[in-house]
Structures are given as C-alpha cells and as structure tokens.
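Numbering (the numbering used here), first residue to last: 26 to 507. By construction, the Cβ of each residue, glycine as well, lies at the ideal position given by its N, Cα and C atoms. Notes follow the structure.
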C-alpha cells in the first residue's frame, strides 16, 4: 500500500472547524439553531431526500471554535451544508484526506448499517487518521450502546468516549448487537490488520475479532476458511502488538464450536510455530489458542513444553491446553498430574481425563477430592462427574454466581452443553441477570437442537442485556442449522 508522508497525514486546519449534524426524519433543518461560528454538516438518512428530510427528537450537533479565535471574539458567518448519505459516501473517495476524514467521522456518528460496506474503502485509506476513524465507524454500527463521539458544551466541543477496538474486544460478544456483519466488512478489517502502521493493524485486528462473533452457520465456516492465511501471516509481523492481537483474535475466533470443521493447517501450524515466539505473552496466548482450537498437531509441542517446565505458569498452560485437546497420547500425563500436589496441574489432569472419556478414572478423581477444599478443583470434579457419569449440572451453574469461579464454570458448562440442553431449562429463570446471560452464551454455542426452544422466551426478558444475549444465542443456533 502506498503511504502518504506522516506530516501530510496530520496537516489541514479544515478539520478543526468542521462540525456534524445527523438528520433523520422528524424536524426541519431550518429549525435547528447553532452558534454563528459553527459550520454544520447534515447527513440525511439513506434513501431520504433533502426535500423530505426532517429531524428527530434526538439530534447530535458538534461545535468547534475556529482556529486562532477566542470564545469571546469568535464571530463568523453562519454556514450550513445539508448533505445526503449518498453524497457523504461519495466523499470517501475525495482526493483531500481532510474531506475523507470528515466524511468518515460523520458516518461514524450516524452509525447507519447501510454505511458499513462503503466504509470498507476507508479502511484501506492511505491516511492513518482516516483508517482509525473508519475502524471506529464500523464498530459503532454494531455496538449495543452507540457512542456519540463528541457533544457540545457551550461553545466548546467535548470529546466523550473514544471507540477502542481492544476495549470492545475485551468486553466480549455482549458489547455487540447480535446482527450479521457482511463478510466484506470482516474481510476489509482483516486486510487492514496487515497495515504497515502497527497501531492501525492491531486496532483493525481487534475490531475484526469483535465483529467476527456475529458470523453464524455457513458464514462462520466461510470466515474461518477465508481468514486462515491472513491471520497466519499476521503472526509473523515484526511488531509484538500486532502478533499479540492476531493471536488473541485467533484464540477467540477459532475456538472450537459444535459443527466446526477441523482447523486448517495453514493457521494451526502457524500457532504451533508461535510457541517459540520471542515474546512471553505471545507464547502463552499461542498455548491457550491451541487448546481452544483443539488442534491435534499441537500436541507434541505442548507436551514438550509441559515436560520441560514441569511446574509453573508455562507448564500449567501447556497441560491445560492438552486437557482441552484430550488426545489419547496425553492420558498418562493426566493421571500423573491427578496424583501430584500442584492444584493447578491436578485440575488440568481432571479436565483431561473427563474430556478423554476416561470413565475408569472417575473413582480415582473422587478419591483424590475427598478432603479437597479448593473451589476450582471441586468444580473440576463436578465437571468430570457430568461427562463421565451423566451427573447433574447444578454445581456448575452455582459456580456462575461467584466471581472467583464464574469463568471456570462457564468453560465447563460450554463443554457439557451439547446433548444436554434440557438440563439447563430449570436454571434459565435465575434471578441474577449475569447468570442468565452466561447460560444463554453456553446454549448458543452448544449446537443442541433442544436449545433453541429454551432460549427463545428470554428474547423478551426485562433486562435488555439478557434479551440481547438471547437474540444472539437464537441467531447462533439458527445459523448452525444452515
């Protein structure tokens, strides 16, 4: 990609004097009053003509004092420009980067779904500022709680909340509306993840990872297949922030779900290679990713790490990943760990035996936990009891109510849910919204045909976050059947 000089990217004072007014049906533009020094751009909703455009009760305006003028002395003629959605999209191809930037900012604030695909052009812009704004604009379209980038306080523009792709990725799927994201958008974000600017690349990768949650059924299969080469290449990036972002996204996006095809060697082997990355965080994330992917070709590398370290964080991560893969060759490692003294390794050993279907080891697990008080170890025992003896899921659901054990319980429930969706039905009216959300997440990824009828009623839940989680779960289950 040809890049413009960095000094040129930051030039232009026109941006400082720009302001945006988003118009949708409701009130005429003429009725809006603005300070005399403010330039106003009105973006009319897609398909609405200028003659018919009216303003809603919710109007967003931005005010900027002209450069070099004080609040007391700044007086310039009123300038109002009403712009259609189509005209603003056309400005994305303007030769002036400041014009392109203003267009992207206006579309970001409007957050029209129709702008998602046109904005992909800006994701490949030669100006970094435009790219950053385009990434934020794409995210804002699907954010459950839309971000108004700026608001007017008196005559001064106050920046409110920056749209941060890493922060949204960290929040998980509940931060995003459960609506399909066009593959063109996901492809453009993934491609921007190869940008020569490491900050742009990392931001784009996290945005891709956040929105990829909304790919269901055949769309998910196409996404996984089409993303392998690009994400594998990103693991070889020179900047550690890009490699870290790529690995975290791979762990999230390629984490196994019911109905997924085997992981392609293109990306699986790249993650195995990353076990030798010079950065500790990348190595540890690669270890977790291999477990999440259940990638058999990673077993030998993980075994070597475990046997080399024997104890500590690296050994625990390696054995935990092996326990998620549950390859027959690892059984002896699991039984040895169960008999050991390290609680983290013992837990991984129990998990591995449970996922391996080693029913003959259930009595040994029960005996080993007879006098145990460690909550996470006890949960591992309940997990094994469900998988090896069809025990109740109640103790695992109860673990969702405690902050310390919520993540562990959630992971265990996701493993036991396929084929057991009906066991979840009595727990769905739980009075705690976070428990209902967790259970919906579990059922949504279960691929169990009985799950859809259980999650549908919660789409009318009084808690909007629960209702959103139910809609997402239903979309996943419906997509998985296609």
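Counted within 10 angstroms of its Cβ, other Cβ atoms place residue 143 as buried (16 or more) or exposed
Here residue 143 is taken as the residue at index 118 of the chain shown, counted from 1. Burial of residue 143 is indicated by the presence of at least 16 other C-beta atoms within 10 angstroms of its C-beta.
How far does the alpha helix (DSSP H) with residue 201 in it reach, from first residue to last?
Within the chain shown, the letter at position 176 stands for residue 201. Here residue 201 belongs to no alpha helix (DSSP H), and DSSP marks it neither H nor E.
Report the rounded CA-to-CA distance for residue 355 versus residue 283, giving the unit in angstroms.
The residue given as residue 355 occupies position 330 in the chain shown. The residue given as residue 283 occupies position 258 in the chain shown. Near 23 Å, if we compare the C-alpha coordinates of residue 283 and residue 355.
Buried or exposed for residue 404, going by 16 or more other Cβ atoms inside 10 Å?
Taking the chain shown and counting its residues from 1, one reaches residue 404 at position 379. Flag for residue 404 reads buried.
For residue 497, which of helix, strand or coil comes out of DSSP?
In the chain shown, counting from the first residue as 1, residue 497 sits at position 472. It is helical.
Closest by CA to residue 197, which one among 131, 122 and 274?
To locate residue 197, count along the chain shown from 1; it is residue 172. The closest CA to that of residue 197, considering only 131, 122 and 274, is found on 274.
Would you decide whether residue 353 is buried or exposed? Buried here means 16 or more other CB atoms lie within 10 Å of its CB.
On the chain shown, residue 353 is found 328 positions in, with the first residue counted as 1. Counting other Cβ atoms within 10 Å of its Cβ, residue 353 stays below 16 and is therefore classed as exposed.
Could you work out which residue in 392, 267 and 495 is closest to residue 302 when comparing CA atoms only?
Taking the chain shown and counting its residues from 1, one reaches residue 302 at position 277. The residue among 392, 267 and 495 with its C-alpha nearest the C-alpha of residue 302 is 267.
Residue ranges of each alpha helix (DSSP H) run of no fewer than 4 residues wholly in the region 288 to 356, ordered along the chain?
Counting whole runs of 4 or more residues, the region 288 to 356 contains the alpha helix (DSSP H) stretches 290 to 298, 305 to 318, 324 to 334 and 338 to 350.
How many angstroms separate the CA atom of residue 119 from the CA atom of residue 153?
The residue you call residue 119 lines up with position 94 of the chain shown. The residue you call residue 153 lines up with position 128 of the chain shown. The alpha-carbon atoms of residue 119 and residue 153 are separated by roughly 15 Å.
Using a 10 Å radius around the Cβ and a threshold of 16 neighbouring Cβ atoms, would you call residue 327 buried or exposed?
To locate residue 327, count along the chain shown from 1; it is residue 302. By the 10 Å Cβ count, residue 327 comes out buried.
Roughly how many angstroms separate the alpha carbons of residue 503 and residue 493, rounded to a whole number?
One-based indexing of the chain shown puts residue 503 at position 478. One-based indexing of the chain shown puts residue 493 at position 468. One Cα belongs to residue 503, the other to residue 493, and the distance between them is close to 15 Å.
Taking all protein chains shown into account, decide if residue 486 is buried (16 or more other Cβ within 10 angstroms of its Cβ) or exposed.
Reading the chain shown from its first residue, position 461 is the one you call residue 486. Burial call: buried.
Rounded separation between residue 446 and residue 251 - CA only:
Sequence index remark: in the chain shown, residue 446 carries index 421 (1-based). Sequence index remark: in the chain shown, residue 251 carries index 226 (1-based). Computed Cα separation, rounded: 31 Å.
Any contact of the region 452 to 469 with the region 152 to 172, i.e. 3+ C-beta pairs under 8 Å?
Verdict: no, contact absent.
Can you tell me which of the three DSSP states residue 109 falls into?
As a position in the chain shown, residue 109 is number 84, starting the count at 1. DSSP places residue 109 in strand when its eight states are reduced to three.
Relative to the C-alpha of residue 287, which candidate in 478, 406, 489 and 320 has its C-alpha closest?
Residue numbering aside, residue 287 sits at position 262 when the chain shown is read from its first letter. That would be 320, whose Cα lies nearest to the Cα of residue 287.
Excluding five sequence neighbours on each side, which residues of the same chain lie with their C-beta closer than 6 Å to the C-beta of residue 477?
On the chain shown, position 452 is the one that residue 477 refers to. Here the set comprises 502.
If you count every other CB in all the chains shown that lies within 10 Å of the CB of residue 271, and 16 or more means buried, which is it?
Residue numbering aside, residue 271 sits at position 246 when the chain shown is read from its first letter. Residue 271 comes out buried.
In three-state terms, what does DSSP make of residue 168?
If you number the chain shown from 1, residue 168 lands on position 143. Residue 168 falls in the strand class under three-state DSSP.
Assumed close pair residue 226, residue 220 - CB separation to whole angstroms, cut-off 8 Å:
For the purposes of this step, residue 226 is identified with residue 201 of the chain shown, where counting begins at 1. For the purposes of this step, residue 220 is identified with residue 195 of the chain shown, where counting begins at 1. Right, their Cβ atoms sit about 4 Å apart.
Output the distance between the C-alpha atoms of residue 249 and residue 407, rounded to the nearest integer angstrom.
Sequence index remark: in the chain shown, residue 249 carries index 224 (1-based). Sequence index remark: in the chain shown, residue 407 carries index 382 (1-based). Going by C-alpha positions, residue 249 is about 33 Å away from residue 407.
How many Å lie between residue 115 and residue 141 at the Cα?
Residue mapping note: residue 115 aligns to position 90 of the chain shown, counting from 1. Residue mapping note: residue 141 aligns to position 116 of the chain shown, counting from 1. Across the structure, residue 115 and residue 141 are spaced so that their CA atoms are roughly 14 Å apart.
Return the chain-ordered list of same chain residues with a C-beta closer than 6 Å to the C-beta of residue 323, the five sequence neighbours on each side being excluded.
As a first step, residue 323 must be located in the chain shown, where it is residue number 298. Closer than 6 Å at the Cβ level, and outside the excluded window around residue 323, lie 297 and 315.
Chain-order list of residues whose beta-carbon lies under 8 Å from that of residue 442 (same chain, five-residue window excluded):
What you label residue 442 is simply residue 417 of the chain shown in a count that begins at 1. Contacts found: 449, 467, 468, 470, 471, 473 and 476.
Look up residue 273 in the DSSP assignment and say whether it is helix, strand or coil.
Counted from its first residue, the chain shown places residue 273 at position 248. DSSP places residue 273 in helix when its eight states are reduced to three.
Work out the CA separation of residue 313 and residue 304 for me, nearest whole Å.
Counting from one through the chain shown, the residue named residue 304 turns up at place 279. Counting from one through the chain shown, the residue named residue 313 turns up at place 288. Cα to Cα, the separation comes out at about 15 Å.
Would you decide whether residue 399 is buried or exposed? Buried here means 16 or more other CB atoms lie within 10 Å of its CB.
Along the chain shown, one-based indexing puts residue 399 at 374. Classification for residue 399: exposed.
Mind checking whether residue 278 and residue 223 have CB atoms under 8 Å apart?
As a first step, residue 278 must be located in the chain shown, where it is residue number 253. As a first step, residue 223 must be located in the chain shown, where it is residue number 198. Not closer than 8 Å, so no.
Just tell me which of 281, 421 and 357 has its CA closest to the CA of residue 463.
Taking the first residue of the chain shown as 1, we reach residue 463 at position 438. Comparing Cα positions, the closest option is 421.
Within its chain, find whatever has a CB closer than 6 Å to the CB of residue 495; leave out the 5 residues flanking it on each side and keep chain order.
Working through the chain shown from its first residue, we reach residue 495 at position 470. When the five nearest sequence neighbours on each side are left out, the beta carbons in the same chain lying within less than 6 Å of the beta carbon of residue 495 are those of 465, 480, 483 and 484, in order along the chain.
Exposed or buried, which one is residue 385 when buried takes at least 16 other CB atoms within 10 Å?
By one-based count along the chain shown, residue 385 stands at place 360. Residue 385 is exposed by the Cβ-count criterion.
Can the beta-carbon of residue 217 be found less than 8 Å from the beta-carbon of residue 229?
Looking up residue 217 in the chain shown gives position 192. Looking up residue 229 in the chain shown gives position 204. Yes, they are a contact pair.
DSSP three-state call for residue 242: helix, strand or coil?
Counting from 1 along the chain shown, the entry for residue 242 is found at position 217. In the structure shown, residue 242 sits in a helix (DSSP, three-state: H, G or I).
Provide the residue span of the alpha helix (DSSP H) that contains residue 428, from first to last.
If you number the chain shown from 1, residue 428 lands on position 403. Looking at the DSSP string, the run of the alpha helix (DSSP H) that includes residue 428 is 428 to 441.
Would you report the Cα separation of residue 156 and residue 132, rounded to the nearest angstrom?
Here residue 156 refers to the residue found at position 131 of the chain shown. Here residue 132 refers to the residue found at position 107 of the chain shown. If you take the alpha carbons of residue 156 and residue 132, they lie about 13 Å apart.
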